[in-house]
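In what follows, a single structure is set out as structure tokens and then discussed.
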Amino acid sequence: MKISIIVPTYNNLNYLKLFLKSIKENSNYENETIVHVNEGSDGTLDFVKNENIKYTYSKENIGLCSAVNIAAAKASHELIIYAHDDMFFCKNWDAQLLKEIKNINHNFFYISGMNVSYLDGFINHDCGKLPNEFDPDKFHSFCENDNTPSYQGSHWAPHVVHKSLWNEVGGFSEEFNPGDGSDPDFCYKLWHKNIRIFKTFSKWKVYHFGSATTRKSKYVTKNKGTKTFLLKWKISPRTFRNHYLKGEKKIEYKGPLKKPKLNIIFIKDYLIDKLKYLYLKTITTLFKI
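All letters in the sequence shown, in the order written, are residues 1 to 289 by the working numbering.
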């Protein structure tokens, strides 16, 4: 199998350059990278053209979901990775990932990378707060010596799915633009297709600066991801992640997931979500919001 990496960017050129450097220097294979340039007024558009990087383009910031879908439609390979432009991939990430997928031996999986960051990462380890402060040797040394196991559930981006699965669920749902709530929505669509392998893979580590990507937009207040998710699925993203994906706590990966257990905590959260759904449905119907 081969990999197509989809990365949306919105006037974030310094981060994007570092991301692309990590793909070039730390990959074992010739992977395809497709950048969606939102606006590109900071020189991003000229940069991808001059560097002969495969790209798609919109004059305005169209939001993460639409940007990813447009770029993913150009993917040539069987595996689709969605990544942020403010990430840096570890050494040999693709060899480790392809080995893992080969061991699964089918296409019904969702694997996410393990985020390392100076703040609010899955693992906190300070290798720099900005691209010009980043210490790649410190990051690589950490990755080589870290023994964190793979965990159950998902840490969202970066993630990889098979292209056939991506197409079957229609990629990202664009009602979640500019992006808030799109990851749990995508996973819940996969859940309804009976995908049960949701794994945060420890050997695919990425350093995540946590800067604003395509979501840094004046339009961000127009989308409330939790509200949109609740109205669509009648449960909250938190309930889905906690009870279905088992991702709220760091639980070591043991295999495919099963349906949630009908215990008191699940029933309580489920009923609270139903009440919230009914309230939101009533308000949106009455006031047409």
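The beta-carbon is built from N, C-alpha and C at its ideal position, and this holds for glycine as well.
So, at 7 Å on beta carbons, what are the nonlocal neighbours of residue i in its own chain, with the 5 sequence-adjacent residues on each side left out?
i      : result
Leu262 : none
Lys218 : A caution first: Lys218 carries a pLDDT of 48, below 50, which makes its placement in the model unreliable, though a value can still be read off. Excluding positions up to five away in sequence, the list is empty.
Ile23  : Ile5, Asn31, Thr33 and Phe89
Asn14  : Pro131
Leu98  : Met1
Excluding five sequence neighbours on each side, which residues of the same chain lie with their C-beta closer than 6 Å to the C-beta of residue i?
i      : result
Asp269 : Thr239
Ser182 : Cys65, Phe172 and Phe176
Phe19  : Asp85 and Met87
Asn242 : Glu248
Asn52  : none
Phe209 : Asp86
Tyr29  : Asp94
Cys143 : Cys90 and Lys205
I'd like to know whether the C-beta of residue i is nearer than 8 Å to at least one C-beta of chain D.
i     : result
Ser76 : Given the protein chain composition of this structure (a single chain), no chain D is represented.
For residue i, collect the residues of the same chain with a Cβ closer than 8 Å to its Cβ; drop the 5 residues on either side in sequence, then sort them by chain order.
i      : result
Pro256 : Arg196 and Ile197
Asn11  : Asn38, Glu39, Gly40, Ser41, Asp42 and Thr44
Lys189 : Val169, Gly170 and Ser173
Asp135 : Cys127 and Gly128
His140 : Cys90 and Lys91
Ile267 : none
Lys281 : Leu231
Glu252 : Pro149, Ser150, Tyr151 and Gln152
Which residues does DSSP pair with residue i in a beta bridge?
i      : result
Thr9   : Val37
His106 : For His106, which the question treats as bridged, DSSP gives no partner whatsoever.
Asn194 : BP columns for Asn194 are empty, so no partner.
Met1   : Note: Met1 sits in no beta bridge, so no partner.
Ser117 : Asn124
Phe201 : Gly113
Report, in whole angstroms, the separation of the C-beta atoms of residue i and residue j, which I expect to be a contact under 8 Å.
i      : j      : result
Asn107 : His162 : 4 Å
His77  : Lys2   : 4 Å
Tyr277 : Trp191 : At roughly 18 Å, the Cβ-Cβ gap does not stay under 8 Å, so Tyr277 and Trp191 are not in contact.
Ala83  : Pro184 : Wrong, their Cβ atoms sit about 18 Å apart, outside the cutoff.
Pro8   : Val68  : 6 Å
Those runs of the beta strand (DSSP E) which lie wholly inside the segment 72-102 and span at least 3 residues: 79-82 and 87-89
Any 3 or more C-beta pairs closer than 8 Å across the segment 188-207 and the segment 143-163: yes
Segment contact flag, the segment 71-84 with the segment 26-37, C-beta cutoff 8 Å, min 3 pairs: yes
The segment 43-63 touching the segment 86-93, judged by at least three CB pairs closer than 8 Å: no
Cβ contact check for the segment 54-66 and the segment 116-128: 3 or more pairs under 8 Å: no
Three-pair Cβ contact test at 8 Å for the segment 128-142 versus the segment 227-243: no
Start-end ranges of the beta strand (DSSP E) lying completely within the segment 223-282, minimum 3 residues: none
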